[in-house]
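Per the numbering used here, the very first residue in the sequence shown carries number 170; after that it's consecutive.
Below is one structure, written out as structure tokens; the observations come after it.
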Amino acid sequence: MVKVPGDKSISHRALMFGALARGVTRIRGLLESEDVINTAKALQALGAPVEQVGDEWHVTGRGIGGLSQPESPLDFGNSGTGARLMLGIIAGNAVTVQMVGDPSLSSRPMGRVLKPLAQMGLEVDDGRDRLPLTAHGSAELVPIEYVLPVPSAQVKSAVLLAGLHTAGATTVVESEPTRDHTERMLGYFGAAPEITDKDGKRYITVQGEPDLTARDLSVPVDPSSAAFLAAAAAIVPGSDITIEGLLMNPTRIGFYETLREMGADITFSNHRDECGEDVADMRVRHAPLMGINVPGERAPSMIDEYPILAVVAAFADGRTVMEGLGELKVKESDRLAATVAGLVVNGVDAVADGDTLIVTGGDGVKGGGTVKTHLDHRMAMAFLTMGLASREPVTVDDTTMVATSFPAFMPLMRGLGARFSGEGAEA
Ligand code: S3P
């Protein structure tokens with residue numbers, strides 16, 4: 170049995186909804202990683218106390234529009250989710266906030282959230298579309314209807330969160346389903362959005378100024394973190410692991426569907442509901458794998474899992490073709506380019522053709538290369554996992570970013586028999 174930490178997307182949202190509700194929200198299983206702690210600190214600085222009480226986190230909510238002026242800049246570190254969703258909240262409060270982040274976050278596009286938020290009334294100094302920036306929220310935000318130009322749950326969530334701060338109905342239209350934790354959590358806190366499907370599009374409408382009521386929450390296991398362990402079990406002969414309480418939200422489990430299509434031995438049991446999310450226990454055993462075509466429509470449901478899927482593909486027999494990966498280029502690093510480079514330097518046949526990634530496996534993986542991680546936690550974890558089954562060890566240039574999403578990754582892998590040398594940078 171392996172204990173994998175709580176879901177990052179749900180952890181950020183649990184803290185944020187707790188701050189927007191009235192009363193004390195108690196969260197169990199919060200992911201205690203750098204990204205999530207930065208969100209907690211930001212909310213605290215905005216006047217919503219967040220405290221650790223035993224193995225729970227308690228957030229004292231201030232109600233919609235009840236946040237106050239922070240005294241210093243808010244630092245979101247490496248976290249796009251923290252920065253973008255908080256922009257939606259900041260937009261609806263009469264505060265001026267300086268937002269900063271690390272070099273990775275400071276290079277990522279913020280225009281995708283600032284554009285709709287500007288239509289609603291948020292102002293940003295000097296027209297900046299990257300961090301650092303200074304944002305002026307407003308107590309008089311206006312509702313909009315916004316058609317998502319990119320399949321992004323962060324953009325959807327930022328607009329919906331801002332919409333809660335308007336005196337009307339705000340609608341987000343998405344043509345490809347993205348993770349729906351914001352919608353589910355709105356329902357859990359007592360303000361379920363209206364969701365209609367029409368002409369292949371989804372219309373999500375929130376009514377402004379709801380009374381959100383504090384709730385007790387339990388955060389399920391993160392399928393994006395569990396993916397590294399599942400991948401390790403799939404590629405290392407003799408493996409057999411079980412992960413309890415895995416989040417089974419259909420907008421998040423494309424990776425497991427894909428692994429199964431490749432021949433992986435994965436079974437789910439004990440399905441149940443936890444605080445509005447589906448969870449189950451998962452068992453993964455080693456089995457021979459084969460290359461497949463992964464359709465672009467599946468990308469949003471496994472968008473963070475492509476680096477580790479590409480690693481698995483290197484151990485599968487034949488070609489794995491992964492389509493529709495444009496969004497990978499604007500993650501914590503350009504994950505498409507970085508994944509290809511990491512595979513090639515370790516002797517794997519991998520190529521990117523536009524937004525398509527093609528990996529050809531068949532003869533195991535040579536290894537022996539050093540992978541550049543570009544301040545990207547998932548690059549580090551994907552390639553350390555590759556080193557568990559390659560002929561020669563794999564080296565990654567930096568493991569510090571692992572702490573942004575999965576601080577226990579290396580000890581946990583060690584507990585399963587992995588060997589890391591040096592500062593833990595070689596597997
Ligand atoms: C997230 C959405 C995804 C994902 C990120 C977390 C979220 O980003 O890559 O790790 O919690 O909403 P996009 O919204 O940019 O697709």
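Note that beta-carbon positions come from the ideal geometry of N, C-alpha and C, so glycine has one too.
| query | result |
| --- | --- |
| CB of Ala343 to nearest heavy atom of the ligand S3P: below 7 Å? | First, the residue type needs correcting, since residue 343 is Glu and not Ala in the sequence shown. No; taking the cut-off as 7 Å, the Cβ of Glu343 has no heavy atom of the ligand S3P nearer than that. |
| Just reading off the beta strand (DSSP E) that Ala519 is part of, what are its end residues? | 518-522 |
| Say yes only if the C-beta of Arg421 is nearer than 7 Å to one or more non-hydrogen atoms of the ligand PLP, and no if none qualify. | By its list of ligands, the structure shown excludes the ligand PLP, since it contains just the ligand S3P. |
| In whole angstroms, what separates the C-alpha of Phe186 from that of Ala403? | 37 Å |
| Would you check if there are 3 or more beta carbon pairs closer than 8 Å linking the stretch 436-452 to the stretch 408-420? | yes |
| I need the boundaries of the beta strand (DSSP E) containing Met268, first residue and last residue. | 265-269 |
| Could you tell me if the beta carbon of Val324 falls within a distance shorter than 7 Å of some heavy atom in the ligand S3P? | yes |
| Which residues in the same chain have their Cβ closer than 6 Å to the Cβ of Met471, if we skip the five residues on either side of it in sequence? | Gly423, Phe424 |
| I need the straight-line Cα distance from Leu381 to Arg583, nearest angstrom please. | 42 Å |
| Just to confirm, is the Cβ distance from Ala400 to Val480 under 8 Å? | yes |
| Determine the extent of the beta strand (DSSP E) in which Val171 is found, giving its start and end residues. | Looking at the DSSP string, Val171 is not in any beta strand (DSSP E), and its letter there is neither H nor E. |
| Name the residue from Val342, Leu215, Asn462, Ile259 whose alpha carbon lies nearest to the alpha carbon of Ile364. | Val342 |
| To the nearest angstrom, how far is the alpha carbon of Arg488 from that of Glu430? | 13 Å |
| Would you mind reading off the limits of the beta strand (DSSP E) that contains Ala336? | Run containing Ala336: none; DSSP gives neither H nor E here. |
| Rounded to whole angstroms, what is the Cα-Cα separation between Glu592 and Lys284? | At Glu592, the pLDDT of 49 sits below 50, so the modelled position is not reliable; the number obtained from the coordinates is stated separately. When rounded, the distance between both Cα atoms is 43 Å. |
| Consider the C-beta atom of Thr601 and the heavy atoms of the ligand S3P; say whether any pair is separated by less than 7 Å. | Only positions 170 to 596 of the chain appear in this structure, which leaves residue 601 out of reach. |
| Looking only at its own chain, which residues have a Cβ that is under 6 Å from the Cβ of Thr436, when we skip the five neighbours before and after it? | Arg452 |
| Once DSSP output is grouped into helix, strand and coil, what is the label at Gln137? | This structure cannot speak to residue 137, because the chain is shown only from 170 to 596. |
| Report whether the distance from the Cβ of His181 to the nearest heavy atom of the ligand S3P is below 7 Å. | yes |
| May I ask whether a heavy atom of the ligand S3P can be found less than 7 Å away from the beta carbon of Asp298? | no |
| Tell me whether the beta-carbon of Gly122 lies closer than 8 Å to the beta-carbon of Leu236. | With the chain covering 170 to 596 only, the question about residue 122 has no answer from this structure. |
| By DSSP, does Ala304 sit in helix, in strand, or in coil? | strand |
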